[in-house]
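**Q**
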Amino acid sequence: MKINTFQHLASFGISGVKVPVEKIGKLLSTKTQIDALGGVLRESTIEGPSLQELPESDLSRVNFDEKVRGGVQALWQPIVEDPTEIPPPQLLEKLNKVWNAAARMIGDDVQSAARAIFEKRAAKKAEIIRDKAVRLAVEDGIPSTVKWLQCLKEECGRVSKVLGQEVLRYERRKEKQKTLLEDLKEDWGKHLTKVTEMSVEPQHVARNFLVMAGIVLLVGLGLWILSIPVNSILGVAGVVVAVLVALKISWPLFRYLGMSRQTRLLCTRLTSAYKAMSLFSLDELAKRLELEYCTDSLPMHIDSVITGYQDRIISIERRKDTLSADRAVLHSSLHNASATVRTIVRDGALRDWYTRGLLLVPKEAWVSELCSIDKEPLWGEMEEQARAAFEFLRAIKAEDEIFSLYETKEDRIAYLTSLREAAIGRTPGEPLISIDFSLAGERPMENHLTVEIFDPEHSNLARDLQSAWGDAGVGLSIVPSMDASAISFVGLVYGFPFEAIKDYSMALPAFVKAKQEEGDAIYPYLYPALCQEGGAA
Amino acid sequence: MMTNNTDTLGLVKPRYFVMPTFLVGIGGYAKAVFPSFDRLIHGTYGFRPDPIRLTIFDFDEAGSESSENGQKYSIEHYLKVLSKKTLKDVAKKRRRKADLPWLKNVEPYVALDHVWYAEAPGLNLYMQSGNLAWRLGWEAHVLPELRTGLNGLHPVPRELDELQHRGFTVSNRSCIWVIAGGCSTTGPTGLIPIVAELKRNKPPETNLFVIVFTPNAYRDKTDAHRTRGRAIFMATMERLLGLFNGQVFDQPYSASGTYKITLEEDPCDQVFLIDGSVSGGRSDLKAEELGDLVANFLFKFAASPVGEHQLGIIGNLNSGLRLAKEAHHEN
Numbered sequence: 001m002k003i004n005t006f007q008h009l010a011s012f013g014i015s016g017v018k019v020p021v022e023k024i025g026k027l028l029s030t031k032t033q034i035d036a037l038g039g040v041l042r043e044s045t046i047e048g049p050s051l052q053e054l055p056e057s058d059l060s061r062v063n064f065d066e067k068v069r070g071g072v073q074a075l076w077q078p079i080v081e082d083p084t085e086i087p088p089p090q091l092l093e094k095l096n097k098v099w100n101a102a103a104r105m106i107g108d109d110v111q112s113a114a115r116a117i118f119e120k121r122a123a124k125k126a127e128i129i130r131d132k133a134v135r136l137a138v139e140d141g142i143p144s145t146v147k148w149l150q151c152l153k154e155e156c157g158r159v160s161k162v163l164g165q166e167v168l169r170y171e172r173r174k175e176k177q178k179t180l181l182e183d184l185k186e187d188w189g190k191h192l193t194k195v196t197e198m199s200v201e202p203q204h205v206a207r208n209f210l211v212m213a214g215i216v217l218l219v220g221l222g223l224w225i226l227s228i229p230v231n232s233i234l235g236v237a238g239v240v241v242a243v244l245v246a247l248k249i250s251w252p253l254f255r256y257l258g259m260s261r262q263t264r265l266l267c268t269r270l271t272s273a274y275k276a277m278s279l280f281s282l283d284e285l286a287k288r289l290e291l292e293y294c295t296d297s298l299p300m301h302i303d304s305v306i307t308g309y310q311d312r313i314i315s316i317e318r319r320k321d322t323l324s325a326d327r328a329v330l331h332s333s334l335h336n337a338s339a340t341v342r343t344i345v346r347d348g349a350l351r352d353w354y355t356r357g358l359l360l361v362p363k364e365a366w367v368s369e370l371c372s373i374d375k376e377p378l379w380g381e382m383e384e385q386a387r388a389a390f391e392f393l394r395a396i397k398a399e400d401e402i403f404s405l406y407e408t409k410e411d412r413i414a415y416l417t418s419l420r421e422a423a424i425g426r427t428p429g430e431p432l433i434s435i436d437f438s439l440a441g442e443r444p445m446e447n448h449l450t451v452e453i454f455d456p457e458h459s460n461l462a463r464d465l466q467s468a469w470g471d472a473g474v475g476l477s478i479v480p481s482m483d484a485s486a487i488s489f490v491g492l493v494y495g496f497p498f499e500a501i502k503d504y505s506m507a508l509p510a511f512v513k514a515k516q517e518e519g520d521a522i523y524p525y526l527y528p529a530l531c532q533e534g535g536a537a
Numbered sequence: 538m539m540t541n542n543t544d545t546l547g548l549v550k551p552r553y554f555v556m557p558t559f560l561v562g563i564g565g566y567a568k569a570v571f572p573s574f575d576r577l578i579h580g581t582y583g584f585r586p587d588p589i590r591l592t593i594f595d596f597d598e599a600g601s602e603s604s605e606n607g608q609k610y611s612i613e614h615y616l617k618v619l620s621k622k623t624l625k626d627v628a629k630k631r632r633r634k635a636d637l638p639w640l641k642n643v644e645p646y647v648a649l650d651h652v653w654y655a656e657a658p659g660l661n662l663y664m665q666s667g668n669l670a671w672r673l674g675w676e677a678h679v680l681p682e683l684r685t686g687l688n689g690l691h692p693v694p695r696e697l698d699e700l701q702h703r704g705f706t707v708s709n710r711s712c713i714w715v716i717a718g719g720c721s722t723t724g725p726t727g728l729i730p731i732v733a734e735l736k737r738n739k740p741p742e743t744n745l746f747v748i749v750f751t752p753n754a755y756r757d758k759t760d761a762h763r764t765r766g767r768a769i770f771m772a773t774m775e776r777l778l779g780l781f782n783g784q785v786f787d788q789p790y791s792a793s794g795t796y797k798i799t800l801e802e803d804p805c806d807q808v809f810l811i812d813g814s815v816s817g818g819r820s821d822l823k824a825e826e827l828g829d830l831v832a833n834f835l836f837k838f839a840a841s842p843v844g845e846h847q848l849g850i851i852g853n854l855n856s857g858l859r860l861a862k863e864a865h866h867e868n
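Protein chains in written order, with this note's numbering: chain E, 1 to 537; chain G, 538 to 868.
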């Protein structure tokens with residue numbers, strides 16, 4: 001081996017100390033997210049407002065009632081005020097016309113429109129419920145809110161039962177009114193027949209009245225001419241006969257007068273019955289819509305909110321599980337580092353940093369976002385915000401942590417000496433290699449130790465190191481680090497002969513033996529001349 | 538790595554430093570280093586900047602990876618698996634004593650009688666198999682990869698602008714590191730031609746370093762492997778250090794002999810020997826731990842101004858070396 005003229009083999013070593021701020025930041029930001037998620041998943045007992053206590057979004061239902069009822073009433077009002085204005089034979093026809101007009105007013109189109117109003121009302125009510133749910137979820141957690149929503153749904157069921165009974169009552173009332181109306185119509189028909197039968201002409205009534213008056217005058221004149229006293233038998237008889245004759249003649253007139261009164265009465269009752277029937281139909285319709293609102297529309301909306309929150313719980317739990325798994329991995333790998341790199345993680349510092357970061361995390365905004373089911377939570381954004389809250393960790397200095405752990409200079413230097421040995425060797429000159437100094441010792445080896453530390457000009461630790469190691473036969477350089485959280489020691493050893501490595505003593509016999517057995521074939525390549533000289537076995 | 542500019546809140550604003558670096562791994566030990574290096578680069582920058590280039594050559598297709606926080610960094614994207622098919626044909630024909638005229642030009646440089654082939658991963662400590670195998674695949678697979686790595690080492694102005702726009706400070710120095718095991722087959726047989734090829738093709742201002750793992754770093758191997766590995770290590774180092782002592786590397790690296798690598802100067806700036814012992818042999822590192830530490834060192838070199846500082850130290854040492862060599866030759 002003709003290699004002993006070569007004197008400049010080298011080796012290196014590296015060691016260091018670091019505060020794993022990236023991992024700590026991720027760990028703490030993960031913890032803040034887990035805590036926030038846990039917060040919205042907490043169970044508590046809450047007394048949310050009942051369905052009745054929740055405000056209505058607007059007066060659409062009331063307006064509907066009033067508007068339609070007002071319209072129906074306006075249709076009937078002229079007839080109801082003076083039904084006798086209508087000739088009795090035309091009354092039924094007129095009433096039926098108004099009835100039809102009123103029926104149209106509460107007919108299919110109007111009912112569809114009314115149903116839409118009620119559905120809109122349910123949607124608006126659901127919005128109110130949703131808003132209230134968000135507030136409750138923020139204050140008391142989503143599971144409690146789901147329970148409250150389920151209570152609202154149950155309340156809808158109870159109200160529906162009551163409304164169902166009312167609808168039945170309205171139906172019965174309407175049926176009863178219908179029967180009454182039919183009776184009245186029948187009575188009216190009979191009455192109208194009677195009126196028609198005795199139909200008294202006005203000139204006939206006037207003629208009878210004149211005849212009656214003429215008879216009375218003739219009787220009175222006869223008694224006066226004949227000088228018959230009225231109080232005589234003849235006078236009395238004459239007057240009686242005259243009165244009877246007059247009554248006989250004018251009786252249809254009185255009957256006619258009596259019939260007119262009955263007509264008016266029947267007319268009023270019939271009109272009122274028609275009107276009541278219209279309004280009862282309207283009331284029944286409104287009640288049915290109310291029932292649909294409480295039985296179908298509103299529960300459907302509440303169901304959608306409940307489903308939204310149940311899905312959200314699943315989504316949050318899933319995210320929480322993922323984050324918890326991440327946290328476990330991070331926690332277990334917090335001290336993972338290269339063999340010669342030490343990590344510093346103080347429990348007290350972790351608590352302080354967590355508290356500090358927690359103040360910077362937009363936790364309220366997160367909770368609001370998690371409790372709102374309008375859109376899916378933006379997990380990536382949340383993660384980014386959490387990470388940003390712990391950005392301050394980038395300014396954490398490894399030096400400060402070392403000072404927290406080791407208060408005296410002696411302790412600090414003792415702590416760092418093991419790292420120095422890992423970088424440059426216990427006896428300087430053996431970083432990641434063992435050297436036989438009896439061979440290498442003739443010429444001093446070049447040993448350089450570069451310490452990379454943040455802001456060395458203002459670093460107390462750099463001053464400590466300089467005073468402790470600056471004059472120990474090792475070229476010490478302290479250079480500025482770009483990473484405050486780490487201090488690195490890079491050893492560079494140079495200038496030992498190949499024979500000085502500890503492997504050499506074992507490798508040489510193996511090489512000699514192999515060369516004896518296979519000649520130059522042990523080399524990675526052959527020189528032509530050597531090939532001829534040594535030859536293969 | 539971040540630099541310490543502060544923002545308006547007094548917080549440290551991320552700025553990055555990168556020294557253009559081409560890491561060339563040869564054989565299995567490089568597979569313990571590169572994934573860790575890639576992990577550190579990605580952990581710092583979030584991606585691997587273009588001026589940091591990785592290539593591993595191996596005759597064994599086995600992969601390796603490093604992982605952190607569920608993220609895996611595999612070598613599959615930059616592992617160049619070299620074919621052993623032609624080597625197998627040659628070994629078979631040599632056993633049958635068949636004439637191989639097309640190998641005539643390389644015959645003086647390869648002990649063809651010692652070319653063996655085994656149906657197993659790698660080259661199985663058959664040095665001449667490695668010696669031949671590299672030559673057979675050089676022009677087609679090795680040379681283009683090395684040229685690509687060298688061409689992309691220094692970013693063009695557009696890439697430089699883009700990197701600066703992303704917060705990078707790009708060093709005007711650059712390094713090539715060749716990492717090879719010294720006690721196997723692929724590393725020892727590929728190391729010198731690759732170093733010679735890089736040396737003659739690299740930009741003059743680029744530093745070229747070699748890291749060789751010594752026999753002690755092969756603790757997990759069998760005794761037989763380690764014994765033969767020691768012999769291979771010694772043979773390889775003799776050849777490598779011979780180049781520093783005036784030997785000329787002038788070898789054909791194609792079957793036809795038309796492509797030659799010739800080097801008449803020091804093959805590299807520095808040879809780093811690593812045996813994986815710490816504190817003068819008081820404790821030994823496992824292969825994985827050692828790979829991780831070497832990766833840490835390379836990362837520090839490539840991603841921190843410490844690299845430039847180290848280059849300064851090495852530059853001073855090498856100028857001293859030149860004077861010493863001149864004095865030695867005069868004597």
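All residues carry an ideal CB built from backbone N, CA and C; glycine is no exception.
On a Cα-Cα basis, can you pick out the residue from G:554, G:557 and G:576 that is closest to residue 828 of chain G?
**A** Position 291 of the second sequence, counted from the first residue, corresponds to residue 828 of chain G. Nearest C-alpha to residue 828 of chain G: G:576.
**Q** Helix or strand or just coil, what does DSSP make of residue 251 of chain E?
**A** Here residue 251 of chain E corresponds to residue number 251 of the first sequence, with the count starting at 1. Residue 251 of chain E falls in the helix class under three-state DSSP.
**Q** Pull up the CB-CB distance for residue 451 of chain E and residue 465 of chain E, whole angstroms please, since I reckon it's below 8 Å.
**A** As a working mapping, residue 451 of chain E is identified with position 451 in the first sequence. As a working mapping, residue 465 of chain E is identified with position 465 in the first sequence. That belief holds up - the Cβ atoms of residue 451 of chain E and residue 465 of chain E are roughly 6 Å apart, short of 8 Å.
**Q** For residue 671 of chain G, report the span of its alpha helix (DSSP H) as first-last.
**A** Working through the second sequence from its first residue, we reach residue 671 of chain G at position 134. Run containing residue 671 of chain G: 664-674, per the alpha helix (DSSP H) assignment.
**Q** Over what stretch of residues does the alpha helix (DSSP H) that includes residue 403 of chain E continue unbroken?
**A** Position 403 of the first sequence, counted from the start, is the residue given in the question as residue 403 of chain E. Here the alpha helix (DSSP H) through residue 403 of chain E covers 398-405.
**Q** For residue 709 of chain G and chain E, any beta-carbon pair shorter than 8 Å?
**A** By one-based count along the second sequence, residue 709 of chain G stands at place 172. Chain E contact via Cβ: absent.
**Q** Mind listing, in chain order, the continuous alpha helix (DSSP H) runs of no fewer than 4 residues lying wholly within the region 307-393 of chain E?
**A** If we require 4 residues or more, the alpha helix (DSSP H) runs fully inside the region 307-393 of chain E come out as 347-360, 363-371 and 379-389.
**Q** Taking the straight line between their C-alpha atoms, what separation do you get for residue 494 of chain E and residue 12 of chain E?
**A** Mapped onto the first sequence, residue 494 of chain E falls at position 494. Mapped onto the first sequence, residue 12 of chain E falls at position 12. Cα to Cα, residue 494 of chain E sits roughly 9 Å from residue 12 of chain E.
**Q** Are residue 708 of chain G and residue 690 of chain G closer than 8 Å when you measure CB to CB?
**A** Against the second sequence, residue 708 of chain G aligns to sequence position 171. Against the second sequence, residue 690 of chain G aligns to sequence position 153. No, Cβ-Cβ distance for residue 708 of chain G and residue 690 of chain G is not below 8 Å.
**Q** If you drop the 5 nearest sequence neighbours on each side, which residues of the same chain put their C-beta closer than 6 Å to that of residue 801 of chain G?
**A** Taking the second sequence and counting its residues from 1, the one referred to as residue 801 of chain G is at position 264. Closer than 6 Å at the Cβ level, and outside the excluded window around residue 801 of chain G, lie 785.
**Q** When DSSP builds the beta bridges, which residues end up paired with residue 789 of chain G?
**A** The residue labelled residue 789 of chain G in the question sits at position 252 within the second sequence. Residue 789 of chain G is bridged to G:797.
**Q** Buried or exposed for residue 524 of chain E, please, with buried defined as at least 16 other CB atoms from any protein chain shown within 10 angstroms of its CB.
**A** Numbered from its first residue, the first sequence carries residue 524 of chain E at position 524. Its Cβ being crowded by 16 or more others within 10 Å, residue 524 of chain E is buried.
**Q** Which residues, in chain order, does the region 793-813 of chain G contribute to contact with chain E at a C-beta distance below 7 Å?
**A** Hits within the stretch, in order: 807, 808, 809, 810, 811, 812 and 813.
**Q** Quick check on residue 793 of chain G: buried or exposed, where buried means 16 or more other Cβ atoms within 10 Å of its Cβ?
**A** On the second sequence, residue 793 of chain G is found 256 positions in, with the first residue counted as 1. By the neighbour-count rule (16 or more Cβ atoms within 10 Å), residue 793 of chain G is not buried but exposed.
**Q** What residues in the region 413-430 of chain E have a beta carbon less than 7 Å from any beta carbon of chain G?
**A** Result list: 421, 422, 425, 426, 427 and 430.
**Q** Specify the secondary structure class of residue 480 of chain E as computed by DSSP and reduced to three states.
**A** Counting from one through the first sequence, the residue named residue 480 of chain E turns up at place 480. Of the three classes helix, strand and coil, the one that applies to residue 480 of chain E here is strand, per DSSP.
**Q** Since residue 837 of chain G meets chain E, which of its residues come closer than 8 Å, beta carbon to beta carbon?
**A** If you number the second sequence from 1, residue 837 of chain G lands on position 300. Residues of chain E passing the Cβ test: 14, 452, 488 and 490.
**Q** Which of the three DSSP states is assigned to residue 16 of chain E in this structure?
**A** Here the question's residue 16 of chain E lines up with position 16 in the first sequence. Reduced to three states, the DSSP call for residue 16 of chain E is strand.
**Q** Distance check for residue 620 of chain G and residue 734 of chain G, CA to CA, integer angstroms please.
**A** Looking up residue 734 of chain G in the second sequence gives position 197. Looking up residue 620 of chain G in the second sequence gives position 83. For residue 734 of chain G and residue 620 of chain G, the distance between alpha carbons rounds to 20 Å.
**Q** Between the Cα of residue 556 of chain G and the Cα atoms of G:566, G:572, G:587 and G:579, which residue gives the shortest distance?
**A** Start at 1 with the first residue of the second sequence, and residue 556 of chain G comes out as number 19. Here the closest residue by C-alpha is G:587.
**Q** Can you tell me whether residue 165 of chain E is helix, strand or coil according to DSSP?
**A** The count along the first sequence starts at 1 and reaches residue 165 of chain E at position 165. Reduced to three states, the DSSP call for residue 165 of chain E is helix.
**Q** Note down, one range per segment and in chain order, each alpha helix (DSSP H) of at least 4 residues found wholly within the region 79-136 of chain E.
**A** With a minimum length of 4 residues, the continuous alpha helix (DSSP H) runs that stay inside the region 79-136 of chain E are 88-105.
**Q** If you measure from the beta carbon of residue 305 of chain E to each beta carbon in chain G, is any gap under 8 Å?
**A** What you label residue 305 of chain E is simply residue 305 of the first sequence in a count that begins at 1. Taking Cβ atoms only, chain G never reaches closer than 8 Å to residue 305 of chain E, which makes this a no.
**Q** For the alpha helix (DSSP H) containing residue 641 of chain G, name the first residue and the last one.
**A** Against the second sequence, residue 641 of chain G aligns to sequence position 104. Careful: residue 641 of chain G lies outside any alpha helix (DSSP H) and carries neither H nor E.
**Q** Any C-beta of chain E sitting closer than 8 Å to the C-beta of residue 603 of chain G?
**A** As a working mapping, residue 603 of chain G is identified with position 66 in the second sequence. For residue 603 of chain G, the answer is no, since every Cβ of chain E falls outside 8 Å of its Cβ.
**Q** In angstroms with no decimal places, state the Cα-to-Cα distance between residue 320 of chain E and residue 313 of chain E.
**A** Position 320 of the first sequence, counted from the first residue, corresponds to residue 320 of chain E. Position 313 of the first sequence, counted from the first residue, corresponds to residue 313 of chain E. For residue 320 of chain E and residue 313 of chain E, the distance between alpha carbons rounds to 10 Å.
**Q** Closest by CA to residue 383 of chain E, which one among E:232, E:36 and E:262?
**A** Within the first sequence, residue 383 of chain E is the residue found at index 383, counting from 1. The shortest C-alpha separation from residue 383 of chain E is found at E:36.
**Q** What are the uninterrupted segments assigned as beta strand (DSSP E) that are 3 or more residues long and contained completely in the region 609-634 of chain G, given in chain order?
**A** Correct list: 616-618.
**Q** Rounded to whole angstroms, what's the CA-CA distance from residue 272 of chain E to residue 72 of chain E? Just pull it up for me.
**A** Here the question's residue 272 of chain E lines up with position 272 in the first sequence. Here the question's residue 72 of chain E lines up with position 72 in the first sequence. Whole-angstrom Cα-Cα distance: 13 Å.
**Q** If the cut-off is 9 Å on Cβ atoms, which residues from the region 317-329 of chain E count as contacting chain G, listed in chain order?
**A** Correct list: 326 and 329.
**Q** Kindly indicate if chain G contains any beta-carbon less than 8 Å away from that of residue 533 of chain E.
**A** Here the question's residue 533 of chain E lines up with position 533 in the first sequence. Low confidence applies to residue 533 of chain E: its pLDDT is 43, below 50, so where it sits in the model is not reliable, and the reading given next is rough at best. No, because no Cβ of chain G sits closer than 8 Å to the Cβ of residue 533 of chain E.
**Q** Check the DSSP bridge columns for residue 811 of chain G and list the partner residues they point to.
**A** Counting from 1 along the second sequence, the entry for residue 811 of chain G is found at position 274. Bridge partners of residue 811 of chain G: G:750.
**Q** Give me the DSSP bridge partner(s) of residue 590 of chain G.
**A** Taking the second sequence and counting its residues from 1, the one referred to as residue 590 of chain G is at position 53. Note: residue 590 of chain G sits in a beta bridge opposite G:559.
**Q** If you follow the beta strand (DSSP E) that residue 486 of chain E is in, where does it begin and where does it stop?
**A** What you label residue 486 of chain E is simply residue 486 of the first sequence in a count that begins at 1. Unbroken beta strand (DSSP E) run through residue 486 of chain E: 486-496.
**Q** Counting contacts by CB-CB distance shorter than 8 Å, is residue 556 of chain G in contact with chain E?
**A** The residue given as residue 556 of chain G occupies position 19 in the second sequence. Not closer than 8 Å to any Cβ of chain E, the Cβ of residue 556 of chain G fails to qualify, so no.
**Q** Quick one: give me the first and last residue of the alpha helix (DSSP H) that residue 419 of chain E is part of.
**A** Position 419 of the first sequence, counted from the first residue, corresponds to residue 419 of chain E. Its alpha helix (DSSP H) spans residues 409-424.
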